[in-house]
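*Asks:* Take a look at this one; I'll ask things after.
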Amino acid sequence: MSLRDLLLPENLNPLVRNTIFSGHILHWLEVESTNLLAAQAVAASRQTDHSPEGEVFLAEEQTAGRGRGNHAWYSERGAGIYCSVVLRPPITPADALWLSLIAGVAVQDAVKEVTGLHTDIRWPNDLLINEKKFCGILAEVSTEGNRVNHAVIGIGINVNHQAFPEDLRRVATSLRLETEREWSRVELTAALLKSLDREYRGLMRAVNHPVKTPAVQFAPILKRVEARSSYAHGKLVHVNEDGGYSGITDGLDPRGFLRVRTEQGLRMVISGSVRPLSRRSDAAGR
Ligand code: BTN
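Under my numbering, the residue at position 84 of the sequence shown is numbered 87, and the numbers go up by one with no gaps.
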């Protein structure tokens with residue numbers, strides 16, 4: 004880990020001018036979890052009636068990085084990007100899924116811009132290269148009545164990891180392992196914050212659209228997500244929700260949920276995780 008590639012505010016601020024994150028970057032060497040830190044900061048700021056948006060919490064290492072579904076997030080010191088941002092979108096909890104989806108698109112764009120790599124999005128927001136995961140996103144939303152009070156979007160990117168613990172080796176990868184070279188975490192983080200800013204502004208345009216029908220309002224974002232993900236259409240998957248079921252993906256519904264065509268009819272994945280099935284294993288399983 005070189006000093007120049009520490010995710011320090013002085014390294015990042017000049018690169019993210021004109022974004023909502025500019026001047027709001029905070030950095031730690033070691034924390035339990037940047038999502039936890041962000042949530043604590045929001046709770047503390049509420050007491051002083053100060054409602055910041057765009058604060059960025061970055062750490063070189065997490066000792067208790069959190070993943071979806073109570074999983075841990077492996078957070079090797081200086082090798083990855085462990086980043087949480089605080090957003091305060093004027094949306095209802097029903098629209099919060101869009102935050103996860105735009106974050107996935109933002110990571111994909113940033114990685115493409117810096118490394119040239121084409122990556123895939125596995126609904127809702129796992130980022131994959133050759134079916135192995137290199138980025139996970141944990142969006143934690145706090146609500147007040149029928150409004151989102153704030154959201155903490157936690158993004159973990161495996162950048163310069165050279166190896167993973169035994170239990171992750173089959174499913175995890177890093178940008179370095181895929182390209183056999185190191186990447187600048189500062190450059191990647193700056194690209195990420197810029198693309199997240201761009202996607203978030205797109206979401207705000209959708210939220211402020213004069214027609215308040217989801218099918219119209221969110222159509223541009225929906226199309227964008229669908230176009231970026233091989234999982235959106237025609238993929239044979241297993242869904243670990245409602246006891247588990249299999250089917251073929253059939254696009255996103257107007258609220259962003261993944262549609263899966265099963266033998267029993269069309270189903271909607273609300274929060275379960277989706278894994279690919281090979282056609283052969285499906286045939287053998289029948
Ligand atoms: C997943 O399970 O795929 C989501 C992983 C999210 C990990 C990131 S790392 C930065 C932020 N802080 C956390 O504790 N988790 C998220």
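Glycine included, C-beta positions come from ideal geometry on N, C-alpha and C.
Note down, in chain order, each residue of its chain lying with its Cβ closer than 8 Å to the Cβ of T95, except the 5 sequence neighbours on either side.
*Replies:* Hits under 8 Å: N149, R150, V151.
*Asks:* Closer than 7 Å: is that where the CB of G81 sits relative to any heavy atom of the ligand BTN?
*Replies:* No - the ligand BTN has no heavy atom lying nearer than 7 Å to the Cβ of G81.
*Asks:* In the segment 206 to 243, which residue ranges form an unbroken alpha helix (DSSP H) of at least 4 residues, counting only runs that do not cross its ends?
*Replies:* Whole alpha helix (DSSP H) segments, 4+ residues: 217 to 220, 222 to 231.
*Asks:* Is it the case that the Cβ atoms of V89 and L195 are separated by a distance below 8 Å?
*Replies:* Taking 8 Å as the Cβ cut-off, V89 and L195 do not qualify as a contacting pair.
*Asks:* Please report the straight-line C-alpha distance between A75 and L171, rounded to a whole angstrom.
*Replies:* Approximately 11 Å between the Cα atoms of the pair.
*Asks:* What do you reckon, is the C-beta of G107 under 7 Å from a heavy atom of the ligand BTN?
*Replies:* Incorrect: G107 has no Cβ contact closer than 7 Å to the ligand BTN.
*Asks:* Where does the unbroken beta strand (DSSP E) through T22 begin, and where does it stop?
*Replies:* Element bounds for T22: n/a, residue is neither H nor E.
*Asks:* Given the structure, does R71 come close to the ligand BTN, in the sense that its CB is under 7 Å from one of the ligand's heavy atoms?
*Replies:* Yes, Cβ of R71 sits closer than 7 Å to a heavy atom of the ligand BTN.
*Asks:* Going along the chain, which residues of its own chain have a beta-carbon closer than 6 Å to the beta-carbon of G275, five neighbours each way excluded?
*Replies:* So the qualifying residues of the chain are V242, N243, E244.
*Asks:* Based on the DSSP secondary-structure assignment, which residues constitute the bridge partners of A62?
*Replies:* The partner list for A62 (beta bridge, DSSP) reads W31, Y85.
*Asks:* Just checking H74 against the ligand FAD - is the residue's beta carbon closer than 7 Å to any of the ligand's heavy atoms?
*Replies:* By its list of ligands, the structure shown excludes the ligand FAD, since it contains just the ligand BTN.
*Asks:* Should Q65 be counted as a contact of the ligand BTN given a C-beta to heavy atom distance under 7 Å?
*Replies:* It does: the Cβ of Q65 is within 7 Å (strictly closer) of some heavy atom of the ligand BTN.
*Asks:* Across which residues does DSSP place K136 in a beta bridge pair?
*Replies:* According to DSSP, K136 bridges with L131, A175.
*Asks:* Rounded to a whole number of angstroms, what is the C-alpha to C-alpha distance between E35 and T22?
*Replies:* So the alpha carbons of these two residues sit roughly 27 Å apart.
*Asks:* Please look up how many angstroms separate the CB atoms of V240 and V214, rounded, as I've assumed it's under 8 Å.
*Replies:* In fact, because the Cβ distance is near 32 Å, the residues do not count as touching under 8 Å.
*Asks:* For P92, count neighbouring C-beta atoms within 10 Å of its own C-beta (all shown protein chains included) and say buried if the count is 16 or more, exposed if not.
*Replies:* With 16 or more Cβ atoms within 10 Å of its Cβ, P92 is classed as buried.
*Asks:* Specify, as a first and last residue, the run of the beta strand (DSSP E) that V162 falls within.
*Replies:* Here V162 belongs to no beta strand (DSSP E), and DSSP marks it neither H nor E.
*Asks:* Taking DSSP as the reference, what is the three-state secondary structure of P96?
*Replies:* If DSSP states are grouped into helix, strand and coil, P96 belongs with the helices.
*Asks:* Taking 7 Å as the line, does the beta carbon of L141 fall inside it for any heavy atom of the ligand BTN?
*Replies:* Correct: L141 has its Cβ closer than 7 Å to the ligand BTN.
*Asks:* From the DSSP output, which residues share a beta bridge with P12?
*Replies:* Paired residue(s): none; P12 is not in a bridge.
*Asks:* Whole-angstrom Cβ separation of G70 and L141, contact assumed at under 8 Å?
*Replies:* Yes, they are in contact, since the Cβ atoms of G70 and L141 sit about 6 Å apart, within 8 Å.
*Asks:* Excluding five sequence neighbours on each side, which residues of the same chain lie with their C-beta closer than 6 Å to the C-beta of N161?
*Replies:* Result list for N161: G83, F137, S177, in chain order.
*Asks:* Mind checking who T146 pairs with in its DSSP beta bridge?
*Replies:* V151.
*Asks:* My output table needs one value for A44: the three-state DSSP class, helix, strand or coil.
*Replies:* Three-state DSSP puts A44 in a helix.
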